[in-house]
Amino acid sequence: AFPSASVKRIRQVAELARAAKLSVDTVPALTDLVSGRAELSQLRPIQLEDLLGRDPVDLDSDDIRNMLSGKRVLVTGAGGSIGRELVTQILGYHPAELLCIDQAEIAVFNLKQEVISKVDSSCKVTTRVLDICNHTPLERLFTDHRPEVVFHAAAHKHVNLMEDQPGEALRNNSFATYDLARIASQHRCERFILISSDKAINPTSVMGASKRLAELALLAQQSAEGNETKFMAVRFGNVLGSSGSVIPIFRRQIASGGPITVTDPEVSRFFMTVEEAVGLVLQSATQGAGGEIFVLDMGQSVKILDVARQIIALSGLRESTDIDIEFTGLQPGEKLYEEVQHLSESLQSTRHPRVLRLVAEQEASIEIERIHEELESAIQTNDPLTIKQAIQTYVTEYKPWGV
1 AFPSASVKRI RQVAELARAA KLSVDTVPAL TDLVSGRAEL SQLRPIQLED LLGRDPVDLD
61 SDDIRNMLSG KRVLVTGAGG SIGRELVTQI LGYHPAELLC IDQAEIAVFN LKQEVISKVD
121 SSCKVTTRVL DICNHTPLER LFTDHRPEVV FHAAAHKHVN LMEDQPGEAL RNNSFATYDL
181 ARIASQHRCE RFILISSDKA INPTSVMGAS KRLAELALLA QQSAEGNETK FMAVRFGNVL
241 GSSGSVIPIF RRQIASGGPI TVTDPEVSRF FMTVEEAVGL VLQSATQGAG GEIFVLDMGQ
301 SVKILDVARQ IIALSGLRES TDIDIEFTGL QPGEKLYEEV QHLSESLQST RHPRVLRLVA
361 EQEASIEIER IHEELESAIQ TNDPLTIKQA IQTYVTEYKP WGV
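Following this line, the structure appears as structure tokens:
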């Protein structure tokens with residue numbers, strides 16, 4: 001048993017075992033055993049996440065504790081993959097109160113049952129079914145609870161769905177982010193951290209463009225008269241195993257007998273475990289002075305075809321013999337590969353080796369409220385093409401699919 005084996009070592013053992021037609025189980029990491037998050041008896045088969053992930057990252061826990069301990073913290077989208085992990089990790093730093101909101105009732109219910117009820121913490125935890133697009137209850141939440149740190153993870157994230165509903169992407173990802181930022185500023189919130197995406201770089205999708213608009217909204221609020229809140233955004237790529245990502249989709253396709261569908265033989269993506277991504281988000285938040293966009297070092301991009309082949313092998317199956325892989329073509333809004341920066345941007349090191357600070361050409365002052373009004377006018381046409389063309393006016397690097 002090697003509970004602290006490196007990812008490279010796990011890959012080597014898995015390959016040797018596969019060649020010898022043996023199965024391999026893994027035990028929980030020592031950090032999880034020590035913290036009580038797992039027990040030694042919890043053996044499980046090696047999963048794709050074990051092979052694609054990276055060795056655990058060292059965090060400056062003192063900095064994170066100084067930021068969160070004794071503070072009132074709000075997490076939006078708390079029932080999602082990233083939100084749940086934010087809740088879990090933040091509770092470990094002993095905030096005074098943790099506010100968890102999500103628009104999905106079942107997500108809030110599951111969060112209470114599966115995460116909050118199992119965490120030994122003296123922290124007061126408040127959960128609410130709340131849509132961030134609904135201003136009045138959001139304002140009331142800030143008035144009643146006065147959060148000091150906000151982690152904004154709520155978003156529509158599925159590229160294909162948002163291509164058909166660009167108005168929803170704008171209202172939820174862009175307009176609501178700006179409204180939330182204004183409320184946070186008015187209530188003298190200390191820090192506001194937006195969970196952004198690598199899809200905001202040279203976007204070809206409405207989702208990516210809406211995230212870029214959210215970043216611009218934060219920059220606008222940072223420079224607003226009288227603002228004292230430190231606004232920042234953190235960009236990163238795909239989270240391993242999150243809902244709607246390729247790994248659970250591939251597992252369902254295998255369970256139903258196949259085929260596994262891949263859009264293109266050359267398509268590739270950056271992957272991170274949710275634990276690493278959230279840990280680095282917390283680390284990034286400690287470094288922001290206001291107005292920054294941070295980019296997480298996501299390692300090497302991985303071909304989705306290789307992911308499909310690995311998951312077939314881990315399932316004890318053979319490609320073509322037991323299950324087929326079919327290529328379906330890129331879907332609307334999708335890229336062959338994601339990028340880490342725009343041509344006009346450069347990356348600067350920070351105190352942490354896996355957290356980079358984006359340095360961009362000076363953005364011209366933007367009238368974000370006027371932009372939102374004009375985008376809302378486009379939404380009222382109910383014509384996706386008109387909406388996408390309006391977005392392109394303000395996110396000039398956006399290249400709409402099929403336009």
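Counting in the working numbering, the sequence shown runs without a single skipped number right up to 403 at its last residue.
Ideal placement from N, C-alpha and C gives every residue a C-beta, glycine not left out.
Bear in mind that the values here come from a model prediction, so they are computed numbers and not experimental data.
Exercise. Alpha carbon to alpha carbon, how far is Ser122 from Ile391? Give it in angstroms, no decimals.
Key: Distance between the alpha carbons of Ile391 and Ser122: 46 Å.
Quiz prompt | Classification of Thr204 by the beta-carbon crowding that lies within 10 angstroms, buried from 16 upward | solution = buried
Practice problem: Could you tell me the distance, in whole angstroms, from the CA atom of Asp264 to the CA atom of Pro400? | Solution: 19 Å
Exercise. Whole angstroms is fine: what's the gap from Ser196's alpha carbon to Ala181's?
Key: 14 Å
Quiz item: Thinking C-beta only, is Val262 closer than 8 Å to Ala308?
Solution: yes
Practice problem: Indicate whether the contact test is met: 3 or more Cβ pairs, each with one atom in the stretch 95–115 and one in the stretch 70–85, closer than 8 Å. | Solution: yes
Exercise. Report back the beta-carbon spacing between Ala154 and Asp198 to the nearest angstrom; my notes put them in contact at under 8 Å.
Key: With 8 Å as the limit, Ala154 and Asp198 do not qualify as a contact, their Cβ atoms being about 18 Å apart.
Quiz item: By a C-beta neighbour count over all protein chains shown, 10 Å radius and 16 as the cutoff for buried, is Ala176 buried or exposed?
Solution: buried
Exercise. Note down the Cα distance separating Arg235 from Arg188, rounded to an integer number of angstroms.
Key: 25 Å
Quiz item: From this set, Leu59, Ser346, Gly244, which residue's C-alpha is nearest His158's C-alpha?
Solution: Gly244
Quiz item: For the candidate residues Asp306, Leu375, Gly80, whose alpha-carbon lies nearest to that of Glu105?
Solution: Gly80
Practice problem: Tell me the start and end of each unbroken alpha helix (DSSP H) in the stretch 271–321 that is at least 4 residues and wholly inside, in chain order. | Solution: 274–287, 304–314
Quiz item: Are the CB atoms of Arg212 and Leu296 nearer to each other than 8 Å?
Solution: no
Practice problem: Tell me, to the nearest whole angstrom, how far the beta carbon of Leu347 is from that of Leu336; I am working on the premise that it is less than 8 Å. | Solution: Going by Cβ atoms, the distance from Leu347 to Leu336 rounds to 22 Å, so no, they are not a contact pair.
Quiz prompt | Coarse secondary structure for Leu40, derived from DSSP in three states | solution = Caution applies to Leu40, whose pLDDT of 49 falls short of 50 and renders its modelled position unreliable; the model cannot decide the point.
Quiz item: Once you ignore the five residues that flank Gly237 on each side, which residues in its own chain have a CB closer than 7 Å to its CB?
Solution: Asp198, Arg269, Phe270, Phe271, Met272, Met298, Glu338
Self-check item: Paired residues, beta bridge with Thr261 - DSSP
Solution: Glu326
Quiz item: Does the distance from the CB of Gln283 to the CB of Leu59 come in under 8 Å?
Solution: Going by C-beta atoms, Gln283 is nearer than 8 Å to Leu59.
Quiz item: Between Phe151 and Ser349, what straight-line distance do the alpha-carbon atoms span, to the nearest angstrom?
Solution: One C-alpha to the other measures close to 23 Å.
Quiz item: According to DSSP, is Ala233 helix, strand or coil?
Solution: strand
Quiz prompt | Where the alpha helix (DSSP H) containing Arg85 begins and where it ends | solution = In the sequence on display, residue 85 carries Glu and not Arg. Segment 81–91, the alpha helix (DSSP H) holding Glu85.
Quiz item: Quick one: Cα of Glu190 to Cα of Phe231, how far?
Solution: 9 Å
Quiz item: From Ile116 to Ala233, what does the alpha carbon distance come to, in whole angstroms?
Solution: 26 Å
Quiz item: Any idea what DSSP makes of Ser197, helix, strand or coil?
Solution: coil
Self-check item: Counterpart residues of Arg252 in DSSP-defined beta bridges
Solution: Arg252 pairs with nothing; no bridge assigned.
Quiz prompt | Touching by the beta-carbon criterion (3+ pairs, under 8 Å), the stretch 370–383 and the stretch 300–316 | solution = no
Quiz item: For the stretch 105–142, which segments carrying the alpha helix (DSSP H) assignment without a break, of at least 4 residues, lie completely within its bounds, in sequence order?
Solution: Listed in chain order, they are 105–114.
Quiz prompt | C-alpha gap between Ser61 and Asp164, whole angstroms | solution = Rounded to the nearest whole angstrom, the C-alpha separation of Ser61 and Asp164 is 42 Å.
Quiz item: Applying the criterion that 16 or more other CB atoms from any shown protein chain within 10 Å of the CB defines a buried residue, is Pro166 buried or exposed?
Solution: buried
Quiz item: How about Ile82 and Ala285: are their beta carbons less than 8 Å apart?
Solution: no
Practice problem: Kindly provide the ranges of any beta strand (DSSP E) runs that are 3 or more residues long and lie completely inside the stretch 325–395, ordered along the chain. | Solution: 325–327, 345–349, 355–360
Self-check item: Per-residue burial, Leu40 [other beta carbons within 10 Å of its own, 16 or more giving buried]
Solution: Residue placement at Leu40 is poorly supported in this model, since its pLDDT is 49, which falls under 50; the coordinates still yield a value, given next. Its Cβ having fewer than 16 others within 10 Å, Leu40 is exposed.
Quiz item: Nearest CA to the CA of Leu68: which residue from Val57, Thr88, Gln389?
Solution: Thr88
Practice problem: Assign Leu385 to buried or exposed, taking buried as 16 or more other Cβ atoms, counted over all protein chains shown, within 10 Å of its Cβ. | Solution: exposed
Quiz prompt | Local Cβ density within 10 Å of Gln331, reported as buried at 16 or more and exposed below that | solution = exposed
Practice problem: May I have a chain-ordered list of the alpha helix (DSSP H) segments no shorter than 4 residues that lie completely inside the stretch 146–181? | Solution: The stretch 146–181 contains these whole alpha helix (DSSP H) runs: 159–164, 166–169.
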